[in-house]
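Undergrad: Sending over a structure as structure tokens; questions will come in a sec.
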Amino acid sequence: MKKVVALLMTCLITISLMAGCSNSGDKSASKQPGGSKESADVTDTATEETITLKFLSKYPEDNYLPYFQEAIANYMSEHPNVIIEMESVSDQDIKEKLSVMAAGDTMPDIFFSWSGEYVKKFARSGLALDLTNYLNEDTKWKEGFLPAFLNNSTFDDHTYGIPYRSSVIFMLYNKAIFADLGLEIPKTYDEFLDVCETLKSAKITPISFGNSQTWYSAWWIGQFNAMMVDADTITKDYNPETGEFADKGYSDAVQRFLDLNSSGYFGNNVNSKDYYQVREEFCAGLSGMMLDATAQFSVYEEGMGDDFGFFKFPVMENEAGDPGTITGGAEVYCIASKCEYPKEAVDFVKYMTSLEQAIKQTKTVGLPNCIIGGITADNASANLVQAYKMAEDYTNIADWLDTAVDSNVANRYMQSVQEGFAGEKSVDEIMQDIRDAAEVVKDIYK
Amino acid sequence: MEKKNKKTIVMYLAPAMVMIIVFLYVPIIINFINSLFNWGALSPKRSFVGVTNYTKMFNDGVFWTAIRNNFIFVVLSLICQIGVSLIIAALLEEQFMRRLQNIFRTIYFIPSLMMATVVGIVFKMIYSPTLGLVNPFLEAVGIDTSKIDLLGNSSSAIYAITVMSQWQYIGYMVILFVVAIQNIPEDLYEAAAIDGAGTVKRFLKITLPQLKDTIIVNAIIILTGAIRVFDEVFVTTKGGPGTSTETLATYLYRVGFKNDQMGYASAVAFVIFIITFILGLFQMKSYQLEEE
Numbered sequence: 008m009k010k011v012v013a014l015l016m017t018c019l020i021t022i023s024l025m026a027g028c029s030n031s032g033d034k035s036a037s038k039q040p041g042g043s044k045e046s047a048d049v050t051d052t053a054t055e056e057t058i059t060l061k062f063l064s065k066y067p068e069d070n071y072l073p074y075f076q077e078a079i080a081n082y083m084s085e086h087p088n089v090i091i092e093m094e095s096v097s098d099q100d101i102k103e104k105l106s107v108m109a110a111g112d113t114m115p116d117i118f119f120s121w122s123g124e125y126v127k128k129f130a131r132s133g134l135a136l137d138l139t140n141y142l143n144e145d146t147k148w149k150e151g152f153l154p155a156f157l158n159n160s161t162f163d164d165h166t167y168g169i170p171y172r173s174s175v176i177f178m179l180y181n182k183a184i185f186a187d188l189g190l191e192i193p194k195t196y197d198e199f200l201d202v203c204e205t206l207k208s209a210k211i212t213p214i215s216f217g218n219s220q221t222w223y224s225a226w227w228i229g230q231f232n233a234m235m236v237d238a239d240t241i242t243k244d245y246n247p248e249t250g251e252f253a254d255k256g257y258s259d260a261v262q263r264f265l266d267l268n269s270s271g272y273f274g275n276n277v278n279s280k281d282y283y284q285v286r287e288e289f290c291a292g293l294s295g296m297m298l299d300a301t302a303q304f305s306v307y308e309e310g311m312g313d314d315f316g317f318f319k320f321p322v323m324e325n326e327a328g329d330p331g332t333i334t335g336g337a338e339v340y341c342i343a344s345k346c347e348y349p350k351e352a353v354d355f356v357k358y359m360t361s362l363e364q365a366i367k368q369t370k371t372v373g374l375p376n377c378i379i380g381g382i383t384a385d386n387a388s389a390n391l392v393q394a395y396k397m398a399e400d401y402t403n404i405a406d407w408l409d410t411a412v413d414s415n416v417a418n419r420y421m422q423s424v425q426e427g428f429a430g431e432k433s434v435d436e437i438m439q440d441i442r443d444a445a446e447v448v449k450d451i452y453k
Numbered sequence: 572m573e574k575k576n577k578k579t580i581v582m583y584l585a586p587a588m589v590m591i592i593v594f595l596y597v598p599i600i601i602n603f604i605n606s607l608f609n610w611g612a613l614s615p616k617r618s619f620v621g622v623t624n625y626t627k628m629f630n631d632g633v634f635w636t637a638i639r640n641n642f643i644f645v646v647l648s649l650i651c652q653i654g655v656s657l658i659i660a661a662l663l664e665e666q667f668m669r670r671l672q673n674i675f676r677t678i679y680f681i682p683s684l685m686m687a688t689v690v691g692i693v694f695k696m697i698y699s700p701t702l703g704l705v706n707p708f709l710e711a712v713g714i715d716t717s718k719i720d721l722l723g724n725s726s727s728a729i730y731a732i733t734v735m736s737q738w739q740y741i742g743y744m745v746i747l748f749v750v751a752i753q754n755i756p757e758d759l760y761e762a763a764a765i766d767g768a769g770t771v772k773r774f775l776k777i778t779l780p781q782l783k784d785t786i787i788v789n790a791i792i793i794l795t796g797a798i799r800v801f802d803e804v805f806v807t808t809k810g811g812p813g814t815s816t817e818t819l820a821t822y823l824y825r826v827g828f829k830n831d832q833m834g835y836a837s838a839v840a841f842v843i844f845i846i847t848f849i850l851g852l853f854q855m856k857s858y859q860l861e862e863e
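Rendered as structure tokens:
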């Protein structure tokens with residue numbers, strides 16, 4: 008008898024330990040008591056059942072977070088049966104976070120992604136829900152988005168991401184410094200180099216740039232590629248299944264980028280300065296120009312006031328690329344393919360991307376939305392309105408390089424260019440690294 | 572009766588055994604199986620490739636860079652955390668330092684209580700050529716710093732990170748050695764003093780031999796820690812510039828979670844396991860030494 012009791016106790020302890028360690032929350036959309044999966048009528052949100060949706064967002068910073076918290080609180084007060092559990096992760100960490108979640112099969116119901124290849128990865132791997140039918144069912148919602156940004160998350164006529172924040176890059180400049188030195192806004196790349204030389208002669212760092220966080224160099228390379236490589240070649244090479252990066256334009260693009268550093272236009276020690284440090288330096292008037300995106304305009308307006316100005320990235324003459332292309336893209340909301348309550352999740356995304364909410368998003372935290380008529384003088388600064396007016400003339404928006412190509416190629420690009428800045432790799436060696444990475448990627452997708 | 576006791580022992584051990592098997596040995600086996608496939612968290616395909624990931628790894632320059640960096644970490648950690656810590660501990664135990672020993676012990680120990688992330692951010696600032704303290708100090712002593720960018724140059728970055736790590740952990744080792752020295756019978760030193768042995772001789776002939784086992788155990792702890800080093804690199808350089816400060820752990824993280832080559836990352840993880848397992852065997856052996 009004693010043996011049986013001991014055996015039972017042992018089994019009980021073992022099972023309880025294992026149960027304690029197991030992941031009880033593996034179902035991302037959990038239900039509170041009162042309903043079963045089968046009985047959950049997804050079209051009827053007024054049901055008694057309480058639904059919890061996990062939401063992975065960006066923007067944990069104090070200046071952005073309250074907007075998202077308030078939006079969620081408002082949504083939950085309008086939908087008492089829905090609980091939105093938000094987790095906010097910084098821009099730098101969210102890529103890894105998503106990879107870890109994908110590897111662990113713990114994708115949240117609603118999750119952040121960048122547009123372009125980044126969404127495509129989730130679509131290919133079956134982790135993101137195809138939202139095409141939901142968009143087609145509500146044409147007013149679908150047609151409310153600026154087409155360029157919705158298209159960046161649409162592949163083979165299937166949409167996997169709903170854009171909520173748009174951004175395009177501009178060259179920012181310090182109006183006071185330009186006025187003091189009698190500088191004109193450069194329209195061509197040669198004029199741009201002349202401006203850099205004048206600033207350098209005046210002992211002012213021409214361009215604020217830091218590369219310890221390598222994603223920032225991806226913006227530059229992406230823009231140079233877009234201007235120096237034929238659009239069809241880019242489309243072929245950015246595709247993980249066909250990428251070769253053999254075109255000479257890619258080498259020239261990297262060379263131009265490295266030349267800016269070797270000419271002293273980026274100041275010293277670029278590999279040990281990060282984006283945030285150089286942004287502060289630019290705001291403090293220590294440099295003449297800086298490349299940044301519309302989503303950050305509010306930071307400069309606050310930091311520089313009337314001294315903040317911007318212009319389109321100068322056109323490179325006689326190059327194969329499209330001079331009307333500008334780097335940019337959207338941040339989108341995806342819904343996990345395993346989400347148990349897709350209609351509720353779509354409803355929440357629809358709320359977050361409604362015109363009313365989009366206007367509020369831009370007005371309160373300065374994050375440009377992706378809705379037609381969503382950026383006006385009523386809810387955005389004069390700079391932002393002007394920037395989006397200028398962007399209407401651009402022929403194409405090229406996704407950020409680090410989200411436009413496969414991560415193996417993107418990381419290789421950023422690492423090798425960093426070595427190029429340190430003087431440890433030539434352009435040919437950098438391009439060879441990238442071609443090697445492209446080969447690895449092709450093998451993966453074979 | 573003895574048989575009954577054995578059964579009871581087995582039954583009481585079973586829960587722990589099951590936990591260890593499920594959460595330690597099974598994942599190791601699963602990891603090895605995963606390393607034989609090409610797969611990714613975001614990739615729809617999973618194909619068997621045999622030992623290709625291992626052959627690819629041994630031909631991968633970054634893997635050898637990581638091994639080299641781990642080796643640098645091991646060597647410098649052993650020199651600083653065994654050599655320097657031991658000397659500091661012996662000095663603190665000297666008669667003339669006894670009165671100030673507590674103050675120094677506290678000062679040395681505080682860095683080891685700090686999170687590696689905090690230390691990383693602080694040292695990133697200290698090393699910064701534009702905002703930091705190191706370059707102005709070097710300039711003050713007449714060294715040209717125009718080419719010195721400790722974390723920004725591939726040649727210096729790994730050493731800068733290693734120095735940071737030593738700063739953090741030397742104090743911890745000092746405490747361990749101080750405790751061990753205090754356990755050495757005082758009469759040994761008294762006898763040596765009567766025989767006319769000086770401070771250095773007492774250290775070499777009494778302290779060192781008496782601390783042999785402690786030194787071995789601490790060395791193994793430092794070694795395994797240096798093989799797994801991750802936080803210090805991740806916070807300061809993320810493996811850069813380029814791949815110059817990549818260690819096995821950061822490389823594993825990069826290929827797995829950044830490049831989504833989970834099969835390859837599993838192979839790197841298995842190699843790390845093999846290395847630490849071998850070191851673990853030495854560790855067990857050293858414990859036996861201690862018992863003897």
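Those protein sequences? They're chains A and B, same order as listed.
Position in the first sequence counted from 1, then plus 7, gives you the working numbering.
Position in the second sequence counted from 1, then plus 571, gives you the working numbering.
Just so you know, even glycine gets a beta-carbon here, dropped at the ideal spot from N, CA and C.
#1: Once DSSP output is grouped into helix, strand and coil, what is the label at Cys290 of chain A?
#2: Taking Cβ-Cβ distances below 7 Å as the criterion, which residues of the region 794-816 of chain B are in contact with chain A?
#3: Is Asp720 of chain B close to chain A, meaning its C-beta is less than 8 Å from at least one C-beta of that chain?
#4: Looking at the unbroken alpha helix (DSSP H) that takes in Val339 of chain A, where does it start and where does it end?
#5: Which residues in chain A have a C-beta closer than 8 Å to the C-beta of Pro700 of chain B? List them in chain order.
#6: In whole angstroms, give me the CA-to-CA distance for Ile601 of chain B and Gln652 of chain B.
#7: Near Asn789 of chain B, which residues of its chain fall below 7 Å by C-beta distance, leaving aside the five closest residues on each side in sequence?
#8: List, in chain order, every chain A residue whose beta-carbon is nearer than 8 Å to that of Asp631 of chain B.
#9: Between B:Phe841, B:Ser815, B:Ile591, which has its C-alpha nearest Asn640 of chain B's C-alpha?
#10: Helix, strand or coil for Ser270 of chain A? Go by DSSP, reduced to three states.
#11: Residues of chain B with CB under 7 Å from Gln422 of chain A, in chain order?
#12: Which residues in chain B have a C-beta closer than 7 Å to the C-beta of Val107 of chain A? List them in chain order.
#13: When you compare only the Cα positions, how much space is there between Val646 of chain B and Tyr835 of chain B?
#14: CB Met235 of chain A to CB Gly256 of chain A, shorter than 8 Å?
#15: If contacts are defined as beta-carbon pairs under 8 Å, then Phe119 of chain A and Leu72 of chain A qualify, I think. What distance do you get, rounded to the angstrom?
#16: For Ile653 of chain B, is the beta carbon positioned less than 7 Å from some heavy atom of the ligand GDP?
#17: Comparing the C-beta of Pro598 of chain B with each C-beta of chain A, is any distance below 8 Å?
#18: Below 9 Å on C-beta distance, what does Ser97 of chain A contact in chain B?
#19: Please identify the residue among A:Ser132, A:Glu85, A:Gln439 whose C-alpha is closest to the C-alpha of Pro615 of chain B.
#20: From Leu850 of chain B to Leu794 of chain B, what does the alpha carbon distance come to, in whole angstroms?
#21: From the DSSP output, in three-state form, read off Lys243 of chain A for me.
#22: Work out the CA separation of Asn268 of chain A and Val89 of chain A for me, nearest whole Å.
#23: Would you list the residues sitting across from Glu92 of chain A in a DSSP beta bridge?
#24: Checking contacts by CB at 8 Å: is Ile214 of chain A closer than that to chain B?
#25: At a Cβ threshold of 8 Å, is Arg442 of chain A touching chain B?
#26: Counting only Cβ pairs nearer than 8 Å, list the residues of chain B close to Ile79 of chain A.
#27: On the DSSP letters alone, give me the boundaries of the alpha helix (DSSP H) that Tyr760 of chain B sits inside.
#28: Spatial neighbours of Tyr223 of chain A within its chain, please: C-beta separation below 6 Å, excluding the five flanking residues on both sides.
#29: Between the region 604-630 of chain B and chain A, which residues of the former have a C-beta closer than 8 Å to a C-beta of the latter?
#30: Once DSSP output is grouped into helix, strand and coil, what is the label at Asp406 of chain A?
#31: Could you pull the start and end residues of the alpha helix (DSSP H) that Arg131 of chain A belongs to?
#32: Would you kindly report the start and end of the unbroken beta strand (DSSP E) that includes Leu374 of chain A?
#33: By Cβ distance below 7 Å, which residues in the same chain neighbour Leu134 of chain A in space, the five residues on each side in sequence not counted?
#34: For chain D, check one thing: does any of its Cβ atoms lie closer than 8 Å to the Cβ of Ser837 of chain B?
#35: Let me check understanding here. Comparing Cα to Cα, which of A:Glu150, A:Gly274, A:Thr161, A:His165 lies closest to Ala209 of chain A?
#36: Going by DSSP, which residues form a beta bridge with Ile214 of chain A?
TA: Judging by the given coordinates:
#1: helix
#2: Gly811, Pro812, Gly813, Thr814
#3: yes
#4: Not the alpha helix (DSSP H): Val339 of chain A falls in the beta strand (DSSP E), residues 332-342.
#5: Near Pro700 of chain B (Cβ distances below 8 Å), the residues of chain A are Asn275, Asn276, Ser279.
#6: 36 Å
#7: Residues of the same chain with a CB within less than 7 Å of the CB of Asn789 of chain B, apart from the 5 flanking positions on each side, are Ile653, Met744, Leu747 in chain order.
#8: None at all; the shortest Cβ gap to chain A is about 10 Å.
#9: B:Ser815
#10: coil
#11: Gly811, Gly813, Thr814
#12: Phe828
#13: 27 Å
#14: Yes; because the gap between Cβ atoms is below 8 Å, this pair is in contact.
#15: The pair is not a contact, with the Cβ atoms about 14 Å apart (cut-off 8 Å).
#16: Looking for the ligand GDP in the displayed structure turns up nothing, as the structure carries no ligands at all.
#17: no
#18: In chain order: nothing, as chain B lies at least about 13 Å away.
#19: A:Ser132
#20: Rounded to whole angstroms, the separation of the alpha carbons of Leu794 of chain B and Leu850 of chain B is 8 Å.
#21: Under the three-state reduction of DSSP output, Lys243 of chain A falls in the helix class.
#22: So the alpha carbons of these two residues sit roughly 52 Å apart.
#23: Per the DSSP secondary-structure output, Glu92 of chain A pairs in a beta bridge with A:Lys61.
#24: no
#25: no
#26: Here the premise fails: no neighbours, minimum Cβ distance about 27 Å.
#27: 757-765
#28: The residues are Tyr282.
#29: Asn609, Gly611, Ala612, Leu613, Ser614, Pro615, Lys616
#30: strand
#31: 124-131
#32: Careful: Leu374 of chain A lies outside any beta strand (DSSP E) and carries neither H nor E.
#33: Ala109, Met114, Ala343, Ser344
#34: The structure shown has no chain D; the protein chains it does contain are A and B.
#35: Nearest C-alpha to Ala209 of chain A among A:Glu150, A:Gly274, A:Thr161, A:His165: A:Gly274.
#36: Per DSSP, the beta bridge partners of Ile214 of chain A are A:Met296.
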